[in-house]
Amino acid sequence: MSEPQGPSEIEPIEDAPEQRREPVFNLPPVVLAVIGICAVVYLLQQYVLTQEQQLTLLYDGAFIPVLYTGQYGFDWFLFSRPFTYAFLHGSFAHIAINMVWLAAFGSPLANRLGTLWFALFFAVTGLASVALFWAMHPYGEAPLVGASGAISGMMGAAARFGFRTDRSSAGKAAFAGPVLPIAIVLRSRGVVIFLAVWMIINLATGLLGFAPGIEGQIAWEAHIGGFVAGFFGLRWFDRRWQAPEWETTDRRT
Numbered sequence: 005m006s007e008p009q010g011p012s013e014i015e016p017i018e019d020a021p022e023q024r025r026e027p028v029f030n031l032p033p034v035v036l037a038v039i040g041i042c043a044v045v046y047l048l049q050q051y052v053l054t055q056e057q058q059l060t061l062l063y064d065g066a067f068i069p070v071l072y073t074g075q076y077g078f079d080w081f082l083f084s085r086p087f088t089y090a091f092l093h094g095s096f097a098h099i100a101i102n103m104v105w106l107a108a109f110g111s112p113l114a115n116r117l118g119t120l121w122f123a124l125f126f127a128v129t130g131l132a133s134v135a136l137f138w139a140m141h142p143y144g145e146a147p148l149v150g151a152s153g154a155i156s157g158m159m160g161a162a163a164r165f166g167f168r169t170d171r172s173s174a175g176k177a178a179f180a181g182p183v184l185p186i187a188i189v190l191r192s193r194g195v196v197i198f199l200a201v202w203m204i205i206n207l208a209t210g211l212l213g214f215a216p217g218i219e220g221q222i223a224w225e226a227h228i229g230g231f232v233a234g235f236f237g238l239r240w241f242d243r244r245w246q247a248p249e250w251e252t253t254d255r256r257t
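Mapping the sequence shown onto the working numbering, position 149 (from 1) lands on 153, and the numbers just tick up by one.
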């Protein structure tokens, strides 16, 4: 029978490294803020505001093209409607689908750009969405609501990265590498297939009106406006951009 070991004979046991606990919602704060604002506004519309108050919110917060033709005079909400419309949604399916896509494409983009530049990107692509929508329907009276225009801009930005992501920074996914030149992007089979499918789906849902669970017409024009702005304008917001190996600062011939 073995005797108990003395204190000097006992090998020290190293403490196991403490496992880092992942947050339940591993989303950037700015993305969570946008989701939170959209959710609060939708809940207020559905369960707190009266019908008259809902109509007032819709008129003052949604983008209504005909108000910008000059026929209805001036009001201060003309400056805010092109931005606030993105936080309004018409149905539960509408907000649910938008928030899922926002989390998927907005999170790696926010981790890449940072809070300030992501917020500016969201605002500018949302503005580009209503600009194209107004250009095609200058006398339209139907209110435009939803964040899908800005989210389409995030999809356009994702295409410029070739959908490459990196998790080396504290496990947070961020779009990786330099912004790819358009010529390189269009030679990528995966990106081209994504662009083609995205365009077909938008035209089908917008022109044919096929969008299960979503009431009203899909504003495919706004989606395209946001996508184009995100695709071509990303470099203005990506402060971490570095010249890739196919570009050079030496311009001597």
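Virtual Cβ for every residue (Gly too), placed ideally from N, Cα, C.
Item	Value
Under the rule that 16 or more other beta-carbon atoms within 10 Å means buried, what is S86, buried or exposed?	Strictly speaking, residue 86 in this sequence is Pro, with Ser absent from that position. It is buried - the Cβ of P86 has at least 16 other Cβ atoms within 10 Å.
Roughly how many angstroms separate the alpha carbons of I68 and T169, rounded to a whole number?	37 Å
What's the gap between the Cα of L31 and the Cα of S111?	6 Å
Comparing the CB of I222 with every heavy atom of the ligand FMN, is any distance shorter than 7 Å?	Because no ligand of any kind appears in the structure shown, any question about the ligand FMN cannot be addressed here.
Let's test the definition: count the other Cβ atoms within 10 Å of the Cβ of R243 and tell me whether it reaches 16, buried, or not, exposed.	exposed
Can you list, in chain order, the residues of its chain whose CB lies under 8 Å from that of A259, leaving out five sequence neighbours each side?	Residue numbering for the chain in the displayed model covers 5 to 257; residue 259 lies beyond these limits and cannot be assessed.
Can you find the residues in the same chain that come closer than 7 Å, C-beta to C-beta, to E140, ignoring five residues on each side of it along the sequence?	The residue you asked about is not Glu; residue 140 is Met in the sequence shown. Correct list, in chain order: E225.
Checking 8 Å against the spacing of the C-beta atoms, do G230 and G144 come in under that value?	no
May I have the straight-line CA-CA distance separating P27 from I39, to the nearest angstrom?	With a pLDDT of only 47 at P27, under 50, the local geometry of the prediction cannot be trusted, and the value read off the model is given with reservation. Distance between the alpha carbons of P27 and I39 is about 17 Å.
Can you tell which of G237, P142, T88, F109 has its C-alpha closest to the C-alpha of L184?	G237
So if DSSP puts F67 in a beta bridge, which residue, or which two residues, is it bridged to?	L148
When the Cβ atoms of the region 40 to 55 are set against those of the region 93 to 101, are three or more pairs found closer than 8 Å?	yes
Please name the residue in A177, A107, I204 whose C-alpha comes closest to that of C42.	A107
Which residues does DSSP list as the beta-bridge partners of A178?	D170
By the 10 Å Cβ neighbour count, where 16 or more other Cβ atoms means buried, how is F83 classified, buried or exposed?	exposed
For G65 versus Y89, is the C-beta spacing smaller than 8 Å?	yes
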